[in-house]
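>
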Amino acid sequence: MNPDKLTLERIAKTFAIEGRHLPVLRPLDLRVPEGEFLTVVGPSGCGKSTLFNIIAGLLPPDPGGVLRIDGRPVDSPLGRVAYMPQRDLLLPWRSVLDNAILGLEVQGVPRDEARRRARETMPQFGLAGFEDFYPFALSGGMRQRVALLRTFLFEADIMLLDEPFGALDALTRSILQEWLAGIAVRYRRTILFITHDVEEAIFLGDRLLVLTARPASLKLELKVPLPRPRRPELVTSEPFVALKRQVLEAIREESLRSFSTQATVEPG
Amino acid sequence: MKSAAASVRARRWLPLGLGVAVLLAWQGGVTALRVPPYLLPPPTTIVVKAWADREVLAAALGTTMVEALAGYALGNAVGFGLALLFFYRPRWERLALGLIVASNSVPVIAFAPVVIIWFGLGIVAKVLLVAFVTCFLTLQAALQGLRHVDSQAESLLRSFGAGEAKIFWTLRLPASLPHLFTALRVGSVRSVIVAIVAEMLGSYRGLGWVIFETTSSMDYLRLWATVLTASVAGVGFFLAVSAVERRALWWHVSVNEGRRRARRRSGGFSMANGIGRWFTCVALVVMGAATALPAAAQDRVSLRLKWLHQAQFAGYYVAQEKGFYRDERLEVTINPGGPNIVAENLVASGAEDFAQGGGIESLLTGRDKGLPLVASGVLFQKAPTVFVAKKESGVTRLEDLVGKKVSTWYTGPQFILRAMLRSQGVDPARVIEVPQPVTMAPFLRNEVTVAAANTYNELQTLYAEGLRDLVIFDPADFGIVIPRDTIVTSERMVREKPDVVQRFLRASLRGWKYAIEHQAEAVDIVMKQNPNLKKDHQTVMMREVARLVVWGPGKERGIGYIDRRAAEFTQKFLLENQQLSKPVALDQAYTMRFWDAVPVADKQVK
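Set out below in structure tokens:
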């Protein structure tokens, strides 16, 4: 077993809205070993993104929680985690190449060096030849790959991907999933991946977490003992379907609960 | 495919075609309908005139553009600086916002006169006014741009560990450029407009000054040529900024859409808009003139004054109040004048039947430009303009002005000053001539030794300031007699309704005689026209006006008499100063036949 890359100890979040306390995240303990691909699923609005924002350092957790990277507590993980939100957020005035090096640039890597590294990595992301294109000329799938490359190039051991394929059509999505699975194996990065698509979560993850309806806590933790490299046919195989049934059941329970909670106890 | 290409082509060429069609219609229309050139000259004539006057216009354009560009640069810099301050220190915005909005909810023209008093007639006041307007535009747009930055993109940069400086340069600044350029484009046109308007309110240079000057001297062709120059300047500046925008913001949706649809779209359309607005104005002027032409009703007549209601026009109010007009079966409407209203123009176009106009000099320059004006009398036998010096300055004779600073208005008195100097053998070039602002402040502060003054206004102001020991140079004492304030009507009125002209003149002269003989009562009647007037001031004005009306021929022959020698002198004077292109037929410019028919008892003061 690899040493833990990321450790969460009693990380919780409560928002104060108009004087009322709205707990979004119950105290959560989590250990993510180095090189693991961890997928997180949960009903919509359960607080997955809040969790990611805390890990990225964009949102402070409630007092008492401790965040460790490589076993050492960190005050602010800003600049130590490669974060990729749902939208590609490409800057329209920068070329593909210059969008890709945004993270490196912020880290202080000289521009020429950053561009060299980006050029080298472009082929693996299917972007060779598109260096000088501008975002408005790219398809949705391609834009998403530029955003992934930008996250990838940023020199951090942890990558946080928040539904990166959420807005893509089914076909593009499955192609990108297979491609990302390959990339993950190849570069052995520690990856946390949020999705509401159960199949995607199983297909990509080494381990899978199901969160409860808000306030979020751990509903189910599941190893995904499927061999890599994973091929698209895998999703119709017996073990895959069994895992999927198990996860779907857990999610369905939570979704129903979330639905009725929203109707009755929702604080507003 | 074919039809799509054709429609793109049509969209591209339509504005241009429309513009050409309007120009052709204009040219053909004014020629076919024989519209007099002072109402609307054909476009070709305007272009020819603009080319002929290119030196004057280029110099004026240069001044205006320097003001506009300097103000634009300053305003944008300050506006953007304030936007940054307010963005990073919102507390400052709460403090300053009320003030900024309040000062910008008033049109800039409203406090332009104050700014001109503070900073003088030079370039500084105009630059500041332009800067003021563009600053507000840029402040708002830049602030909006900075605030509308995608917060997720900001989070992304922060997650990479970026500080605020990095976020500003990488994200905020480029992302706010589309907003900023909107303000820059609007500001470009606005800055030219504000510079021109400020020049019209107080300046001796620039396009606005040329517009003001040509309006008051009734030089219509040059006025049109100046308007053409001004609109070309505004459109050119706008197109230049748009071109910079297209280069800087090529990545932005607005630009790309435009590029995809029709490359020249924004340029072509805004050009069309500018020209369209221009033509709307022209159409309105023509329509106004057309409806006004048949406005002269039977015995209802209108009189346009050259300025706001005051004792300068006492005779007409008295004739109205005392029923002298009624005795002549006339119903007279008295309309006050104001800034940029030239009474003669309104009479020439037929919008008014009569006017108390500028003077023999503007009558002659108007005739020279083809305006069908006829004077039937003149009220002030000499001009009210004198030049004054303080006794303590040691100036007693005109010869003493050599090497001294003399301020004058540049609306005609400058020629009188120079003629006075020449009459005493003084070369005008040896006197330091400077433009005179709207106040007497520079004279009071001894910044100039001699200043121009109207006897019923500025001179009284000086007396009120306690200055009694003044040396007064009256041009009339040097043989320079230019009668002022004509009673003027149009050739058409003289031709078609001579009896109305006759009755109007008789009743008006009776009114003037009564006003001069009963000044206190006349002042009370003046005060009824506008109760906000200061009675003391009106009393003094009445006295001075009476003095000018009965001076010389006004006393010997009667009120309103036009002295042939004075008219001839004025003609000669204007020719010498290149204010007339050729001698004007004096017998067509004025007639004494109506005046002669007025009984002596109605026009001679006891």
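Those protein sequence lines, which keep their order, are chains R and L. Using this note's numbering, count along the first sequence one by one with no gaps and you end on 1618. Using this note's numbering, count along the second sequence one by one with no gaps and you end on 871. A virtual CB, placed ideally from N, CA and C, is assigned to each residue, including glycine. Predicted model, so just to flag it, every value in this text is computed and none were measured.
How would you label Glu626(L), buried or exposed, when you count the other beta carbons within 10 angstroms and need 16 or more for buried?
Classification of Glu626(L): buried, given that the 10 Å Cβ count is 16 or more.
> Using a Cβ-Cβ cutoff of 8 Å, what residues of the region 1439-1465 of chain R are near chain L? List them in chain order.
From the region 1439-1465 of chain R, only Leu1439, Leu1441, Pro1442, Trp1443, Leu1452, Gly1453, Glu1455, Val1456, Gln1457 have a Cβ closer than 8 Å to chain L.
> Does His444(L) get closer than 9 Å to chain R when you measure Cβ to Cβ?
Answer no: the Cβ-Cβ gap between His444(L) and chain R never drops below 9 Å.
> Taking 9 Å as the threshold (beta carbon to beta carbon), is Lys1355(R) in contact with chain L?
Answer no: the Cβ-Cβ gap between Lys1355(R) and chain L never drops below 9 Å.
> May I have a chain-ordered list of the beta strand (DSSP E) segments no shorter than 3 residues that lie completely inside the region 1519-1570 of chain R?
Taking only runs of at least 3 residues, the beta strand (DSSP E) segments lying wholly in the region 1519-1570 of chain R are 1540-1544, 1557-1561.
> Check the Cβ of Val1382(R) against every Cβ in chain L and list those closer than 9 Å, keeping chain order.
Here the premise fails: no neighbours, minimum Cβ distance about 18 Å.
> If you draw a straight line from the alpha carbon of Gly1397(R) to that of Leu1570(R), how long is it in whole angstroms?
Cα to Cα, the separation comes out at about 16 Å.
> Would you report the Cα separation of Arg830(L) and Asn842(L), rounded to the nearest angstrom?
Rounded to the nearest angstrom, the two C-alpha atoms are 18 Å apart.
> From the DSSP output, read off the bridge partner residues of Gly823(L).
For Gly823(L), which the question treats as bridged, DSSP gives no partner whatsoever.
> So what's Thr221(L) in DSSP terms, helix, strand or just coil?
The structure shown does not extend to residue 221(L), since chain L spans only 266 to 871, so no value can be given for it.
> For Gly1392(R) and Glu1599(R), which I take to be in contact (beta-carbon distance under 8 Å), what is that distance rounded to the nearest angstrom?
Incorrect: roughly 14 Å between the Cβ atoms, too far for contact.
> Check whether chain L comes within 9 Å of Val1431(R), counting only Cβ atoms and requiring the distance to be less than that.
Answer yes: the Cβ-Cβ gap between Val1431(R) and chain L drops below 9 Å somewhere.
> Using a Cβ-Cβ distance cut-off of 9 Å, determine whether Trp278(L) contacts chain R.
So, not an interface residue.
> If you draw a straight line from the alpha carbon of Leu1477(R) to that of Phe433(L), how long is it in whole angstroms?
Each residue's Cα considered, the two are about 28 Å apart.
> Quick one, which residues of the region 409-424 of chain L are near chain R if we go by CB-CB under 9 Å, in chain order?
Those would be Asp415, Gln417, Ala418, Ser420, Leu421, Leu422, Arg423, Ser424, in chain order.
> Report the residue from Thr329(L), Leu411(L), Thr720(L), Lys391(L) whose alpha carbon sits nearest the alpha carbon of Val810(L).
Comparing Cα positions, the closest option is Thr720(L).
> Select from Leu709(L), Thr650(L), Pro702(L), Gly624(L) the residue whose C-alpha is nearest the C-alpha of Glu211(L).
Past the boundaries of the shown model lies residue 211(L); chain L is included only from 266 to 871, so the question cannot be answered.
> What is the residue span of the beta strand (DSSP E) that His783(L) lies within?
Premise fails: His783(L) is in no beta strand (DSSP E) and is neither H nor E.
> Using a cut-off of 7 Å between C-beta atoms, extract the partners of Ala1406(R) located in chain L.
Ordered by position in chain L, the residues that pass the 7 Å Cβ test against Ala1406(R) are Ser424.
> For Phe578(L), which residues from the same chain have a beta carbon less than 7 Å from its beta carbon, with the 5 sequence-adjacent residues on both sides left out?
Cβ neighbours of Phe578(L) beyond the five flanking positions: Leu570, Gln621.
> Helix, strand or coil: how does DSSP classify His517(L) here?
Three-state result, His517(L): coil.
> Go through the region 583-616 of chain L residue by residue and report every complete run of the alpha helix (DSSP H) that reaches 4 residues or more, in order.
The region 583-616 of chain L contains these whole alpha helix (DSSP H) runs: 589-592, 608-614.
> Who does Thr650(L) pair with in a DSSP beta bridge?
Partner(s): Asn719(L).
> The region 1503-1528 of chain R: which residues have C-beta closer than 7 Å to a C-beta of chain L, in chain order?
Listed by position along the chain: Phe1504.
> List, in order along the chain, the chain R residues whose C-beta lies closer than 7 Å to that of Ala427(L)?
Correct list: Val1456.
> So which residues of chain R does Lys431(L) contact, with C-beta pairs closer than 7 Å?
Ordered by position in chain R, the residues that pass the 7 Å Cβ test against Lys431(L) are Val1456.
> Distance, Cα to Cα, Leu1542(R) vs Leu1510(R)?
Their backbone Cα atoms lie some 5 Å apart in a straight line.
> Enumerate in chain order the residues of its own chain whose CB-to-CB distance from Thr598(L) is below 8 Å, with the five nearest sequence positions on each side excluded.
Same-chain partners within the cutoff: Arg565, Val566, Ser567, Leu568.
> Among the candidates Ser1394(R), Leu1452(R), Pro1383(R), Asp1379(R), whose CA atom is the shortest distance from the CA of Pro1353(R)?
Among Ser1394(R), Leu1452(R), Pro1383(R), Asp1379(R), the Cα nearest to that of Pro1353(R) belongs to Pro1383(R).
> Could you check whether Phe680(L) and Pro748(L) sit closer than 9 Å to each other, using their CB atoms as the reference points?
No, Cβ-Cβ distance for Pro748(L) and Phe680(L) is not below 9 Å.
> Count the other C-beta atoms from every protein chain shown that fall within 10 angstroms of the C-beta of Gln417(L), then say buried if there are 16 or more, exposed otherwise.
By the 10 Å Cβ count, Gln417(L) comes out exposed.
> Helix, strand or coil, according to DSSP, for Gly284(L) in the structure here?
The answer is helix: DSSP assigns Gly284(L) an H, G or I state.
> Rounded to the nearest angstrom, what separates Ser1567(R) and Pro1413(R) at their Cα positions?
Computed Cα separation, rounded: 17 Å.
> Among the candidates Arg757(L), Tyr675(L), Gly817(L), whose CA atom is the shortest distance from the CA of Leu481(L)?
Residue identity differs from the one stated: residue 481(L) is Ser in this sequence, not Leu. Considering only alpha carbons, the answer is Tyr675(L).
> Anyone know if the C-beta pair for Gly1516(R) and Leu1388(R) falls short of 9 Å?
No, the pair does not count as a contact, with Cβ atoms beyond the cut-off.
> Please go through the same chain and pick out, in chain order, the residues whose beta-carbon is closer than 6 Å to the beta-carbon of Leu350(L), but skip the five residues on each side of it.
Trp357.
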